[in-house]
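J.:
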Amino acid sequence: AKRGATGFAWYSEAQEAARLGHLSLVSDLRTAVAGSQLQMWLQPKFALPGGQAVGAEALVRWQHPQRGFVSPAEFIPFAEQTGYISMVTQWMLQEALRTLAQWARTQPALSISVNISTRDLLDPQFCERLQNLLAQHQVDPSCLRLEIVESGLMEDPQTSVDVLHCLRGMGLELSIDDFGTGYSSMAYLQKLPVSELKIDRSFVDGLDHQSGSQRLVKTMIELGHGMGLMVTAEGVETEAEKATLIALGCDVMQGYLGSRPLHGAALQAWFDGLPEPVVAA
Ligand code: C2E
Ligand code: MG
Ligand code: MG
Ligand code: MG
437 AKRGATGFAW YSEAQEAARL GHLSLVSDLR TAVAGSQLQM WLQPKFALPG
487 GQAVGAEALV RWQHPQRGFV SPAEFIPFAE QTGYISMVTQ WMLQEALRTL
537 AQWARTQPAL SISVNISTRD LLDPQFCERL QNLLAQHQVD PSCLRLEIVE
587 SGLMEDPQTS VDVLHCLRGM GLELSIDDFG TGYSSMAYLQ KLPVSELKID
637 RSFVDGLDHQ SGSQRLVKTM IELGHGMGLM VTAEGVETEA EKATLIALGC
687 DVMQGYLGSR PLHGAALQAW FDGLPEPVVA A
């Protein structure tokens with residue numbers, strides 16, 4: 437808060453309303469996780485150039501009884517500050533594993549990616565809790581991917597590496613999310629047991645008509661491939677962006693062009709429409 441000449445902290449009415457609004461949001465979040473106000477939506481990911489479905493990213497949605505839809509961009513930072521994020525993550529992991537157990541019967545190759553916050557990564561109990569969930573749901577651990585935001589890793593680089601190795605040791609797949617927006621060094625990235633690099637959508641936007649961003653994305657794809665990683669582009673919205681990504685050798689695309697995040701009947705319809713997987717003789 438700003439301080440007036442008298443030294444008292446003062447807030448504008450709008451600031452005060454925002455502050456109170458956020459406080460009640462935080463206490464509502466406890467109810468949301470305990471009750472049934474959270475939803476897991478899934479956004480499909482597609483192989484390039486062929487377009488086969490390879491899996492989906494799990495995105496949390498909050499249907500607040502009074503406020504209506506609250507965007508994760510709004511409440512995830514609060515959940516992180518207050519520590520409620522571990523409840524949100526646990527709930528999402530549970531939903532993802534339950535869905536994977538259903539999918540395994542007909543589409544065993546599909547994976548689900550869950551977003552993990554830095555705070556989860558630095559929680560000493562995180563690995564063990566996840567191990568218990570895996571045992572409970574009897575899912576092939578390689579079908580579960582965890583997305584870690586690049587910038588978050590640098591808060592505690594050494595602990596992050598250790599935890600990622602523990603998770604990898606459990607058979608999970610790991611991804612670097614929002615790649616290009618953090619400041620990790622090549623030497624550090626090389627130490628991470630990850631198998632996917634997701635190029636942030638800010639680099640994909642306008643890819644078709646800006647040669648500058650094309651050069652940048654080309655470099656990121658080469659970097660990823662040089663480290664033996666699968667490269668996914670986020671936020672693909674146009675055929676022109678897709679064509680450029682194919683020309684640059686990108687492996688997977690995710691974005692509104694392929695599909696919006698899906699839930700309920702729309703998700704089921706997408707799943708039912710998938711071709712039968714080829715079974716080896
Ligand atoms: P993210 O992990 O980078 O997720 C991708 C975001 O881009 C999602 O927004 C998705 O709906 C949006 N998106 C996908 N395709 C397109 C597109 O073609 N164009 C545009 N403009 N946007 C697209 P969403 O669901 O609002 O999530 C925002 C961020 O909130 C996520 O970014 C992630 O960092 C965080 N988040 C979402 N769910 C969770 C969660 O369960 N746990 C944690 N820790 N974070 C989450
Ligand atoms: Mg993500
Ligand atoms: Mg991202
Ligand atoms: Mg665009």
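Under UniProt numbering, the letters of the sequence shown match residues 437 to 717, in that order.
We put the CB at the ideal spot given by N, CA and C, even for glycine.
Since we're looking at a predicted model, the values are computed, not measured.
(1) Which residues in the same chain have their Cβ closer than 6 Å to the Cβ of I638, if we skip the five residues on either side of it in sequence?
(2) If contact is defined by three or more beta carbon pairs under 8 Å, each pair taking one atom from either stretch, is the stretch 652–662 in contact with the stretch 592–608?
(3) Going straight from the alpha carbon of D556 to that of A537, what length do you get?
(4) Could you tell me whether any non-hydrogen atom of ligand 2 is closer than 7 Å to the CB of D636?
(5) Along the beta strand (DSSP E) that carries Q499, what are the first and last residues, could you check?
(6) Could you name the residues of the same chain whose beta carbon sits closer than 6 Å to that of I521, not counting the 5 residues immediately before and after it, in chain order?
(7) Here's a check: name, in chain order, each residue in its chain whose Cβ is nearer than 7 Å to the Cβ of Q475, leaving out the five neighbours to either side.
(8) Taking the continuous alpha helix (DSSP H) assigned at G605, which residues delimit it?
(9) Per DSSP, which residues does P480 bridge with? Please list them.
(10) So for S611, helix, strand or coil by DSSP?
(11) Quick one: give me the first and last residue of the beta strand (DSSP E) that R581 is part of.
(12) Please list the segments of the beta strand (DSSP E) lying wholly inside the stretch 504–586, counting only runs of 3 or more residues, in order along the chain.
(13) Could you spell out where the beta strand (DSSP E) holding T668 opens and where it closes?
(14) Could you tell me whether any non-hydrogen atom of ligand 1 is closer than 7 Å to the CB of Q690?
(15) Distance check for A702 and G709, CA to CA, integer angstroms please.
(16) Quick check: the Cα distance between A532 and F482, rounded to an integer number of angstroms?
(17) For ligand 2, is there a heavy atom less than 7 Å away from the beta-carbon of D613?
T.: Looking at the atomic coordinates:
(1) Taking the first residue of the sequence shown as 1, we reach residue 638 at position 202. Rather than Ile, the amino acid found at residue 638 in this sequence is Ser. Excluding residues within five positions, none has a Cβ falling inside 6 Å.
(2) Contact between the stretch 592–608 and the stretch 652–662 is absent, because fewer than three Cβ pairs lie under 8 Å.
(3) Counted from its first residue, the sequence shown places residue 556 at position 120. Counted from its first residue, the sequence shown places residue 537 at position 101. Spanning the two alpha carbons is a distance of roughly 23 Å.
(4) Taking the sequence shown and counting its residues from 1, the one referred to as residue 636 is at position 200. No.
(5) Taking the first residue of the sequence shown as position 1, residue 499 is located at position 63. It spans A489 to H500 - the beta strand (DSSP E) in which Q499 sits, taken as one unbroken run.
(6) Your numbering for residue 521 matches position 85 in the sequence shown. Within the same chain, I521 has close Cβ partners A515, S553 and R555.
(7) As a position in the sequence shown, residue 475 is number 39, starting the count at 1. Cβ neighbours of Q475 beyond the five flanking positions: R497, Q499 and H699.
(8) Here residue 605 refers to the residue found at position 169 when the sequence shown is read from its first residue. In the DSSP assignment, G605 falls within the alpha helix (DSSP H) that extends over P593 to G605.
(9) Position 44 of the sequence shown, counted from the start, is the residue given in the question as residue 480. DSSP lists A492 as the beta-bridge partner residues of P480.
(10) The count along the sequence shown starts at 1 and reaches residue 611 at position 175. It is a strand residue.
(11) Here residue 581 refers to the residue found at position 145 when the sequence shown is read from its first residue. R581 -> beta strand (DSSP E) spans L580 to V585.
(12) Runs of the beta strand (DSSP E) inside the stretch 504–586: 504–506, 547–552 and 580–585.
(13) Translated into the one-based positions of the sequence shown, residue 668 becomes position 232. Run containing T668: M666 to A669, per the beta strand (DSSP E) assignment.
(14) Position 254 of the sequence shown holds residue 690. Taking non-hydrogen atoms of ligand 1 into account, the C-beta of Q690 is found less than 7 Å away from one of them.
(15) As a working note, residue 709 is residue 273 in the sequence shown. As a working note, residue 702 is residue 266 in the sequence shown. So the two alpha carbons sit approximately 11 Å from each other.
(16) One-based indexing of the sequence shown puts residue 532 at position 96. One-based indexing of the sequence shown puts residue 482 at position 46. Near 18 Å, if we compare the C-alpha coordinates of F482 and A532.
(17) Numbered from 1 along the sequence shown, position 177 holds the residue referred to as residue 613. A heavy atom of ligand 2 is found nearer than 7 Å to the CB of D613.
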